[in-house]
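Q:
Residue numbers (our numbering): 739 to 1143.
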């Protein structure tokens, strides 16, 4: 599996270089373009899930324990956490976003029946994994609802309600903009709220925060160390990013609003990384100063985490239902909601029972990457070589999203 993962990473990085070299100045326009702020909000909130909110406080100590994990000696825990969530790995999303917006309309690889089937397996499986992550982390963040360790019936109900909300919001694309912008602002408010809890009352509050932020610089000084997996846990993260990449690329490609290719890459690498860096710098203060988060802080993090899950599930459900023609128009709203809620709930339980693993999904995505490259090399080389723009039918009309169901 490690060799397969390494090959996928190298292939993806080489793809970025090729795309920039050949199509760097191409203006990228999706089928439902939106303005840049909205695009970044959609990218950020769809491209991340509950792990961003709930994982760091449980991981800093492990990254600091260099006796148990000597492979982490070259960087501090904050830089390592950032490496697992920020900057370079967003290049995975760039490759797939550009491909689905500019190349796939000419190549039609994902219209091949067996490819379409595997693509939907990936999307549905990752939907369920996202819900499973929420379910498995709720005991730590909401211990007052249980014993702090076990998954109790209340947590199952919370996850079920989250799935129901996401399925309902996926019935109309007009909810995408509202969900994405709302989630972005909620995350900004959460950062502010947690910042007050971490630094207020300290005479050196600004310098403590900036010192934490500066620690992330160790990531950029050692970025080459993070390209390939450091250990099994890093490997898990990288497979997870691959699993997300193919569907986030499909979804976000719809909304690119006329940025040039190199600007899309810059936007994907830089803009999501800024709030991630700030968020992790705030959380690291809680870890370092041993500041408790019980009560309102845990509730706030859990609430925003749930909103992230709703946003992510909304985009993923929209993808696979479109691909499989499981639409509201075809089945009606009631049947559409019931079918998706039952399917996602059952698959979430399969992850809970460890019958499914996200690493398998990520490995499958890498296989699709290689399969697509082989398909282009064998039968679509001339077609791809002649691509010099986004599809002509994609017009830069920011009002289109308001009239699309």
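Using N, Cα and C, we set each Cβ at its ideal position, and we do this for glycine too.
Being a predicted model, the structure only gives us computed values, none of them experimental.
Considering just the uninterrupted stretch of the beta strand (DSSP E) at residue 889, what are its terminal residues?
A: Looking at the DSSP string, residue 889 is not in any beta strand (DSSP E), and its letter there is neither H nor E.
Q: Whole angstroms are fine: how far does the CA of residue 1004 sit from the CA of residue 829?
A: Straight-line Cα distance between these residues: approximately 9 Å.
Q: Can you tell me the Cβ-Cβ gap for residue 961 and residue 820, rounded? I've got them flagged as a contact below 8 Å.
A: 11 Å between Cβ atoms; not a contact.
Q: Cβ atoms of residue 908 and residue 1056: under 7 Å apart, would you say?
A: Yes; because the gap between Cβ atoms is below 7 Å, this pair is in contact.
Q: Helix, strand or coil: which one does DSSP assign to residue 1045?
A: It is helical.
Q: What are the residues that DSSP puts in a beta bridge with residue 998?
A: In the DSSP output, where bridge partners are listed per residue, residue 998 has 765.
Q: Tell me which residue opens and which closes the alpha helix (DSSP H) that residue 809 is part of.
A: No alpha helix (DSSP H) holds residue 809; DSSP gives it neither H nor E.
Q: Using 10 angstroms around the beta-carbon of residue 869, count the other beta-carbons present and answer buried if the total reaches 16, otherwise exposed.
A: Residue 869 comes out buried.
Q: What separation, rounded to the nearest whole angstrom, lies between the Cα atoms of residue 711 and residue 803?
A: Nothing in the structure corresponds to residue 711, since the chain is present only between 739 and 1143.
Q: Where does residue 1111 sit, in a helix, a strand or coil, going by DSSP?
A: The answer is helix: DSSP assigns residue 1111 an H, G or I state.
Q: With distance defined between alpha-carbon atoms, name the residue in 932, 786, 864, 775 nearest to residue 1038.
A: Out of 932, 786, 864, 775, 932 has the C-alpha closest to the C-alpha of residue 1038.
Q: With a cut-off of 8 Å on the beta carbons, I'd call residue 817 and residue 953 a contact; round off their distance for me.
A: Rounded, the Cβ-Cβ distance is 6 Å, consistent with contact.
Q: Check whether the Cβ atoms of residue 770 and residue 1138 sit closer than 7 Å, and answer yes or no.
A: Cβ distance < 7 Å, so residue 770 and residue 1138 count as in contact.
Q: Give me, in chain order, the residues of the same chain whose beta-carbon lies closer than 6 Å to that of residue 1006; leave out the 5 immediate sequence neighbours on both sides.
A: Excluding sequence neighbours, residue 1006 sits near 828, 831, 832.
Q: Spatial neighbours of residue 1135 within its chain, please: CB distance less than 8 Å, with the 5 preceding and 5 following residues excluded, ordered by chain position.
A: The answer, listed in chain order, is 771.
Q: With a threshold of 16 other CB atoms inside 10 Å of the CB of residue 1068, please say whether the residue is buried or exposed.
A: Under this definition residue 1068 is an exposed residue.
Q: For a quick check, are the C-beta atoms of residue 841 and residue 1079 less than 7 Å apart?
A: Contact flag unset, no.
Q: I'd like to know whether the C-beta atoms of residue 776 and residue 915 end up nearer to each other than 7 Å.
A: Closer than 7 Å, so yes.
Q: Are at least three pairs of beta-carbons, each pair with one atom in the segment 1081-1090 and one in the segment 851-861, less than 8 Å apart?
A: Because the criterion of three Cβ pairs below 8 Å is not met, the segment 1081-1090 and the segment 851-861 do not touch.
Q: Please report whether the beta-carbon of residue 1114 lies at a distance below 7 Å from any beta-carbon of chain B.
A: The structure shown contains no chain B, having only a single protein chain.
Q: Suppose the cutoff is 8 Å on Cβ atoms and the five residues either side in sequence are ignored; what does the same chain contact list for residue 1106 look like?
A: Correct list, in chain order: 853, 856, 857, 860, 984.
Q: Note down, one range per segment and in chain order, each alpha helix (DSSP H) of at least 4 residues found wholly within the segment 802-865.
A: Fully enclosed alpha helix (DSSP H) runs of 4 or longer: 815-823, 829-836, 842-845.
Q: Using alpha carbons as the reference points, say which of 1048, 949, 750 lies closest to residue 896.
A: It is 1048.
Q: For the alpha helix (DSSP H) holding residue 792, just list the boundary residues, first then last.
A: Note, residue 792: alpha helix (DSSP H), 789-792.
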